[in-house]
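Asker: Pasting in a structure now, in structure tokens, and then I'll have a few things to ask.
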Amino acid sequence: MKNLFSKKNLIWLGILIVLFFLVQFMIDARIIIPYHRTILFGIGIFIILGVSLNIIIGITGQLSLGHAGFMSIGAYSAAIVMQYMPDMTGLLLGMLVGTLVSILVSFVVAIPTLRLKGDYLAIATLGVGEIIRIVILNLEITNGASGISNIKNLISWPLLFVFVVAAVVLSANFKNSAIGRACISIKEDEIASEAMGIHTTKYKVIAFIFGAVLASVAGSLYATTYYVVKPETFGIATSINILIIVVFGGMGSLTGSAVSAVFIGIVNMLLQSYAEVRLITYALVLIVVMIFRPQGLFGSKEFGLDKILGFKPPSLKKLRKEEST
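What the sequence shown shows, in the working numbering, is residues 2 to 326, in sequence order.
Following this line, the structure appears as structure tokens:
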């Protein structure tokens, strides 16, 4: 409890409060127009997706290329429920349904696939994502290739802000927990982790389910933001876009994924009018960054206030003194 109200946490809380009210003021004053607001909401959704995939790839070291499949589960769950309950209750209920389905699917998928490694795991997860998309494509309740349209728009800056902050905080707590430490050790050396008594399959499955649940939540927010969901939206291209966010920001860095999603979202917005060169320019920017920063913007480190504000970690002597008291 003492750490919860530490000076550093209180400063972060202050920064978040200022950010929230600043953006809300800009929206109310129409400084942020509806088009830019949609871009902002899209960036928030991809922050959740990037952070969730980073838990699987950057923290646990399992290359997954089917993340868009779990996003589609959340999107379609929310879309279907909101056809009958076009209100906030319907959105939250659809999000809950998507979460439960994602837990079930990710658990069933994780047990066999996470025993694979490297390219084999990547191909297996890619196949899983495509299987989910094809199943959705052929279900009557999902309206096939036409998808589901006229979804009630319930997204707002406060709603998005709460979910983005919650996703980042939960992911950070996961990373710093005993489970997260076990996942990091698996990434560093799986054989050594097994020798130390760590049940590697168990922790890989937990990380995979955690990432899938956050992706499902992001999918539900996507559905109510963009009014329509179609199977083609959740193909391999979307999974690759999420992967780019993780690699660009730094595998293992949650704040890196957040900064990367913001940067890539702004670049896409600026190049929106130049469709012919947008993808080329986008690719060139990524290539240049990978040449000079192959570990990504942040590597595996997190952006912190320690260096900026001069915080120093407590000494071992001080920690022992606190424990004795």
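Using N, Cα and C, we set each Cβ at its ideal position, and we do this for glycine too.
Identify whether residue 263 lies in helix, strand or coil by the three-state DSSP scheme.
Answerer: helix
Asker: Which word fits residue 232, buried or exposed, when buried means at least 16 other C-beta atoms lie within 10 angstroms of its C-beta?
Answerer: Here residue 232 is buried: its Cβ has 16 or more other Cβ atoms, across all protein chains shown, within 10 Å.
Asker: Could you tell me the alpha carbon to alpha carbon distance between residue 235 and residue 68, rounded to whole angstroms?
Answerer: Cα-Cα distance, rounded: 9 Å.
Asker: Using DSSP's beta-bridge definition, name the partner residues of residue 152.
Answerer: DSSP, once it has assigned bridges, lists no residue as partnering residue 152.
Asker: Considering only residues of the same chain and omitting the five flanking positions on each side of residue 255, which have a CB-CB separation below 7 Å?
Answerer: 52, 55, 169, 172, 173, 176, 303
Asker: Tell me the rounded alpha-carbon separation between residue 93 and residue 292.
Answerer: 43 Å
Asker: Is the CB-CB distance between residue 266 and residue 297 below 7 Å?
Answerer: no
Asker: With DSSP as the reference, please indicate the residues paired to residue 230 in a beta bridge.
Answerer: 149
Asker: Quick one: residues in its chain with C-beta nearer than 6 Å to the C-beta of residue 194, no 5 flanking neighbours on either side, listed in chain order?
Answerer: Excluding sequence neighbours, residue 194 sits near 186, 187, 201.
Asker: When the Cα of residue 112 is compared with those of 138, 151, 208, 245, which residue comes out closest?
Answerer: Of all alpha-carbon atoms in 138, 151, 208, 245, the one lying nearest the alpha-carbon of residue 112 is that of 208.
Asker: Measuring alpha carbon to alpha carbon, tell me which of 49, 78, 125, 77 ends up nearest residue 1.
Answerer: The structure shown does not extend to residue 1, since the chain is modelled only from 2 through 326, so no value can be given for it.
Asker: Decide yes or no for the touch test of the region 215 to 230 against the region 146 to 158: beta carbon pairs closer than 8 Å, at least 3 of them.
Answerer: yes
Asker: Are residue 240 and residue 130 close, meaning C-beta to C-beta below 7 Å?
Answerer: yes
Asker: What is the DSSP secondary structure of residue 131, counted as helix, strand or coil?
Answerer: helix
Asker: Nearest by alpha-carbon distance to residue 81: which of 150, 198, 190, 44 is it?
Answerer: 150
Asker: Which value, in whole angstroms, describes the spacing of the CA atoms of residue 27 and residue 264?
Answerer: 20 Å
Asker: Runs of 4 residues minimum, wholly inside the region 86 to 136: which ones carry the alpha helix (DSSP H) assignment?
Answerer: 89 to 114
Asker: What residue range is occupied by the uninterrupted alpha helix (DSSP H) comprising residue 304?
Answerer: Run containing residue 304: none; DSSP gives neither H nor E here.
Asker: Going by alpha carbons, who is nearest to residue 109 out of 16, 289, 270, 206?
Answerer: It is 206.
Asker: Return the CA-CA distance between residue 34 and residue 40, expressed in angstroms with no decimal places.
Answerer: 10 Å
Asker: Is residue 134 buried or exposed, if buried means 16 or more other CB atoms sit within 10 Å of its CB?
Answerer: With 16 or more Cβ atoms within 10 Å of its Cβ, residue 134 is classed as buried.
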